[in-house]
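Presented below is the structure to which this report refers.
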Amino acid sequence: MPIAHITVAPELVAQVTAQAGDITETVTAILKQALDARVELIQVVLSAALATPQGCDVLCEVQHRASIARNGYIRQAAAQQLHDALQQATGGTVRVRLIALAPEDIAAVDSPEVLK
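Residue numbering for the sequence shown is 0 to 115, as defined by numbering that gives the first Met the number 0.
What follows is the structure, given as structure tokens:
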């Protein structure tokens, strides 16, 4: 279940808010295609930084369960796709970190109705 948390600089908030649905759809589509994730298990969160971030205008952190099928090449291609899509949508500088977690290191609890 990939979880994408995208944080944007205050000066990009209005622009990203106006495109939030499209950005969420694009990120979801990339994660579905690149990581072979089920759409109903993808979580995408857009949030605003309280102050201008040190580094890039947009930070996209994606955590997902590691597997042999989702190797480093696949993760790198997904990270590049996310970067390009977010840069196009925001016009800002973008940093993407796609982090594969070992399944045995993940503990998860969801509301049952979410998993239907």
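Where is the CB? At the ideal position from N, CA and C, for every residue including glycine.
Remember, it's a predicted structure, so these values are computed and weren't measured experimentally.
Check: Looking at the unbroken alpha helix (DSSP H) that takes in ILE25, where does it start and where does it end?
Finding: Taking the sequence shown and counting its residues from 1, one reaches residue 25 at position 26. With the sequence shown as reference, residue 25 is identified as Thr, and Ile is not the correct amino acid for it. Start and end: 19-34.
Item checked: Among ALA78, ALA48, HIS63, ASP56, the one whose alpha carbon lies nearest that of THR25 -> Position 26 of the sequence shown holds residue 25. Of ALA78, ALA48, HIS63, ASP56, the residue nearest in Cα terms is ALA78.
Check: How long is the line joining the alpha carbons of LEU34 and ALA84, rounded to whole angstroms?
Finding: On the sequence shown, position 35 is the one that residue 34 refers to. On the sequence shown, position 85 is the one that residue 84 refers to. Taking the straight line from one Cα to the other gives about 16 angstroms.
Checklist line | First and last residue of the uninterrupted alpha helix (DSSP H) at THR89 | finding: By one-based count along the sequence shown, residue 89 stands at place 90. 71-89 is the span of the alpha helix (DSSP H), which, as asked, contains THR89.
Note to self: By the three-class DSSP mapping on this structure, what secondary structure does VAL95 have?
What the structure shows: One-based indexing of the sequence shown puts residue 95 at position 96. For VAL95, the three-state secondary structure derived from DSSP is strand.
Next item on the list: Taking 7 angstroms as the cut-off, decide whether the C-beta atoms of LEU58 and ILE41 are in contact.
Entry: Looking up residue 58 in the sequence shown gives position 59. Looking up residue 41 in the sequence shown gives position 42. For the pair LEU58 and ILE41, the CB atoms are not nearer than the 7 angstroms cut-off.
Check: Just to confirm, are LEU100 and ALA65 a CB contact at a threshold of 7 angstroms?
Finding: Counting from one through the sequence shown, the residue named residue 100 turns up at place 101. Counting from one through the sequence shown, the residue named residue 65 turns up at place 66. In this structure, LEU100 places its C-beta atom within 7 angstroms of the C-beta atom of ALA65.
Notebook entry, point to check: Of all the CB atoms in chain D, is at least one closer than 7 angstroms to the CB of ALA68?
Noted result: The structure shown contains no chain D, having only a single protein chain.
Check: Which class does LEU40 belong to by DSSP, given the choice of helix, strand or coil?
Finding: Indexing the sequence shown from 1 puts residue 40 at position 41. Residue state, collapsed to three classes: helix.
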